[in-house]
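To get our numbering, take the position in the sequence shown, counting from 1, and add 2.
The C-beta atom is built at its ideal place from N, Cα and C for all residues, glycine as well.
Worksheet: the structure to be examined is printed underneath.
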Amino acid sequence: MNTQVSTRLWALDDALPLLHASVALGAGGSATDPEGREGMTRLLLRLMRRTAGGRTAQVSDELLDGLGSSLSGEVGRSVAALHGTVIARNISPFLAFLADALARPAFDAEELGRLRAEALAELDELLDDDGALVRRAFEQRFYRGHSGSRPGSGTRTSLGAITIEDMRRHHERLLRRGSLTFAFAGSGAEADLDRFASDLDTSLPGQGEGWSRPAFPELSPAKGRVLHFVDKPERTQTQIMIGCLAAHPRDDDHAALHVAHTIFGGTFGARLSQEVRAKRGWSYGAYSALPIDRFRQPMTLWTFPKAEDAAPCIRLVLDLFEALVDRGVSQREVTLAKKYLKNSHVFSIDTPAKRVSLALDAEMLGLPRNHHEEFLERMLAVDKPAVDAAVRRRLSAENLLITVVGTHKDIGSGLEQAIPRLTTSEVVAFDQVI
3 MNTQVSTRLW
13 ALDDALPLLH
23 ASVALGAGGS
33 ATDPEGREGM
43 TRLLLRLMRR
53 TAGGRTAQVS
63 DELLDGLGSS
73 LSGEVGRSVA
83 ALHGTVIARN
93 ISPFLAFLAD
103 ALARPAFDAE
113 ELGRLRAEAL
123 AELDELLDDD
133 GALVRRAFEQ
143 RFYRGHSGSR
153 PGSGTRTSLG
163 AITIEDMRRH
173 HERLLRRGSL
183 TFAFAGSGAE
193 ADLDRFASDL
203 DTSLPGQGEG
213 WSRPAFPELS
223 PAKGRVLHFV
233 DKPERTQTQI
243 MIGCLAAHPR
253 DDDHAALHVA
263 HTIFGGTFGA
273 RLSQEVRAKR
283 GWSYGAYSAL
293 PIDRFRQPMT
303 LWTFPKAEDA
313 APCIRLVLDL
323 FEALVDRGVS
333 QREVTLAKKY
343 LKNSHVFSID
353 TPAKRVSLAL
363 DAEMLGLPRN
373 HHEEFLERML
383 AVDKPAVDAA
393 VRRRLSAENL
403 LITVVGTHKD
413 IGSGLEQAIP
423 RLTTSEVVAF
433 DQVI
């Protein structure tokens with residue numbers, strides 16, 4: 003018999019009369035959407051919120067507004083959750099609504115049609131947002147052949163294929179007894195919240211049936227330097243995203259690599275921002291990112307120069323990245339980065355909601371619950387040799403995906419010439435990205 007029970011996380015504090023409640027689905031996330039049904043988890047969470055307990059969307063909205071509350075869904079590659087906030091005096095009716103949303107949504111075909119139309123309109127809006135477009139295109143190409151390439155917002159084709167029966171089966175698969183993770187922060191009585199979680203858990207199907215969090219294979223990115231050009235007419239500005247396979251939070255050198263990312267592009271004083279923005283004025287911003295997930299992620303570099311500056315900007319960024327890999331960092335940079343990380347950490351833990359959010363993040367990514375607290379200590383303990391070793395081990399200046407949104411006829415050939423040792427160049431129409 004299955005004896006699994008749901009996980010509960012707490013950061014209760016009555017300083018403010020607000021309760022923050024999150025419920026994460028154990029086997030959720032866009033990477034687990036069925037092939038050809040990308041975007042279904044996101045649609046499901048929206049349907050659950052709108053039709054809780056068989057209500058109409060209008061009634062649900064009015065009820066939540068009247069309670070002084072909010073409720074919304076979040077879908078990442080490995081995480082799907084409902085997050086809500088309510089004033090303390092209305093905790094009980096809010097939790098009753100949340101239970102209805104999770105366990106008793108209405109699978110109404112007309113509401114699904116409205117949600118689909120909204121999702122398709124959002125895809126059309128994405129075509130006008132070059133920053134979002136370059137990220138989506140980069141991720142599709144970088145994760146190609148891997149479940150990580152499945153966009154949480156879906157595609158025109160996949161959204162059109164999703165039926166109400168698909169949604170019903172997906173709900174049955176995702177919401178199983180013992181599979182949920184509850185996170186509560188702020189005002190509230192632990193005994194009452196624990197009872198709510200237990201009652202909801204036992205109302206779900208799955209007695210005697212086990213479940214497990216999704217497991218993902220390692221990525222096998224393409225070799226060499228790949229220019230992936232997203233061709234969009236009449237662009238006077240470009241969006242550039244460059245990345246290589248890099249990090250997993252369980253790596254013993256992940257803290258050292260995070261210090262390297264901070265030095266390279268994690269702050270306004272970092273190398274990228276200073277060279278691209280401050281010294282040359284080519285772009286308002288130039289940043290790096292080092293995300294974490296249940297499978298290894300890329301380190302990415304992002305900037306957005308004018309079309310006329312795109313070629314020299316890409317060449318500069320590549321030169322800077324090569325210098326990081328070949329020559330490492332300075333002691334002064336390590337000292338400044340660690341000071342910044344220490345002083346800025348307080349902004350990630352200054353409220354109960356933020357603290358429990360970090361614990362929920364660790365839980366859903368399969369990390370120790372105190373991962374984020376220990377991670378700061380690990381970063382502060384690294385030295386220059388450790389940072390240089392992590393860079394050499396984890397980063398490659400040769401195996402890079404370079405995604406650009408711009409007008410190919412204007413700058414395509416110039417970009418190819420600006421990229422030393424370019425292996426592959428490919429062009430895709432911007433409207434094919436969605």
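Residue i, DSSP secondary structure in three states
i, result
"PRO107", "strand"
"SER24", "strand"
"HIS250", "coil"
"GLY210", "Caution is warranted here: a pLDDT of 44 is assigned to GLY210, below 50, making its placement in the model unreliable, and the coordinate value is therefore given only provisionally. Three-state result, GLY210: coil."
"LYS386", "helix"
"TYR289", "strand"
"LEU397", "coil"
"SER94", "helix"
"ILE166", "helix"
"VAL77", "strand"
"ILE436", "coil"
"ARG10", "strand"
"THR425", "strand"
"LYS308", "strand"
"ALA217", "coil"
"ALA355", "helix"
"ALA191", "coil"
"GLN419", "helix"
"ALA101", "helix"
"ASP130", "coil"
"GLU40", "coil"
"TYR342", "helix"
"SER151", "helix"
"ARG296", "coil"
"VAL348", "helix"
"THR157", "coil"
"LYS225", "coil"
Same chain, Cβ closer than 6 Å to residue i, neighbours up to 5 away in sequence not counted
i, result
"VAL261", "ALA339, MET381, VAL384, VAL389"
"ILE166", "PHE109, ALA111, LEU114"
"TRP284", "VAL278, PRO307, ASP311, CYS315"
"SER420", "Per the sequence shown, the amino acid found at residue 420 is Ala instead of Ser. Counting only Cβ-Cβ distances below 6 Å, and skipping sequence neighbours, we find ALA313, ILE316, ARG317."
"HIS256", "ALA249"
"PRO443", "Residue 443 falls outside the range modelled here, since the chain spans only 3 to 436, and no answer is possible."
"ASP132", "GLN241, VAL407"
"THR5", "A caution first: THR5 carries a pLDDT of 46, below 50, which makes its placement in the model too unreliable to give a value."
"ILE404", "LEU229, ILE244"
"ILE351", "ARG357"
"PHE297", "PHE218"
Buried versus exposed, by CB contacts within 10 Å (16 or more), residue i
i, result
"PHE349", "exposed"
"SER332", "exposed"
"THR9", "buried"
"PRO251", "buried"
"PHE270", "exposed"
"TYR145", "buried"
"LEU202", "buried"
"SER149", "buried"
"VAL429", "exposed"
"GLN434", "exposed"
"SER181", "buried"
"SER94", "exposed"
"ALA238", "Reading the sequence as shown, one finds Thr at residue 238 and not Ala. That one is exposed."
Nonlocal neighbours in the same chain, by C-beta distance under 7 Å from residue i, ignoring five residues either side
i, result
"ARG39", "SER160, ALA163, ILE164, ASP168"
"LEU424", "ARG227, LEU229, GLU418"
"CYS246", "PRO300, MET301, LEU397, SER398, ASN401, LEU402"
"ARG152", "SER32, ALA33, ASP35, GLU40"
"ARG52", "ALA59, SER62, GLU113"
"ASP254", "none"
"GLY55", "ASP102, ARG106"
Beta-bridge pairing of residue i - partner residues as DSSP gives them
i, result
"VAL430", "VAL232"
"VAL406", "PHE231, ILE242"
"THR302", "GLY245, ALA291"
"HIS85", "SER24, SER74"
"PHE270", "Answer by DSSP bridge pairing: none, since PHE270 is not bridged."
"PHE186", "TRP12, ALA23"
"ALA54", "PRO107"
Cβ-heavy atom distance, residue i to the ligand ZN, below 7 Å
i, result
"VAL393", "For the ligand ZN, the structure offers nothing, since it holds no ligand at all."
Contact set for residue i: own chain, Cβ-Cβ below 8 Å, skip 5 residues either direction
i, result
"VAL319", "ILE242, ILE244, LEU274, VAL278, ALA288, LEU303, THR305"
"THR264", "ALA272, ALA339, TYR342, LEU343"
### the segment 29 to 42 touching the segment 150 to 166, judged by at least three CB pairs closer than 8 Å
yes
### Message
Taking contact to mean 3 or more Cβ pairs, one atom from each stretch, closer than 8 Å, check whether the segment 12 to 24 and the segment 353 to 362 are in contact.
### Response
yes
### Task
Could you tell me whether the segment 70 to 78 touches the segment 183 to 196, where touching means 3 or more Cβ pairs closer than 8 Å?
no
### Query
With contact counted as at least three CB pairs below 8 Å, one residue from each stretch, are the segment 305 to 316 and the segment 241 to 255 in contact?
Verdict: yes, contact present.
### Query
So, do the segment 110 to 117 and the segment 211 to 227 have three or more beta carbon pairs nearer to each other than 8 Å?
The segment 110 to 117, when compared against the segment 211 to 227, does not touch it at the 8 Å Cβ threshold.
### Task
Mind the definition here: the segment 43 to 63 touches the segment 98 to 109 only if three or more C-beta pairs lie below 8 Å; say whether that holds.
yes
### Query
Is it true that the segment 14 to 28 meets the segment 82 to 95, where meeting means three or more beta-carbon pairs spaced less than 8 Å apart?
yes
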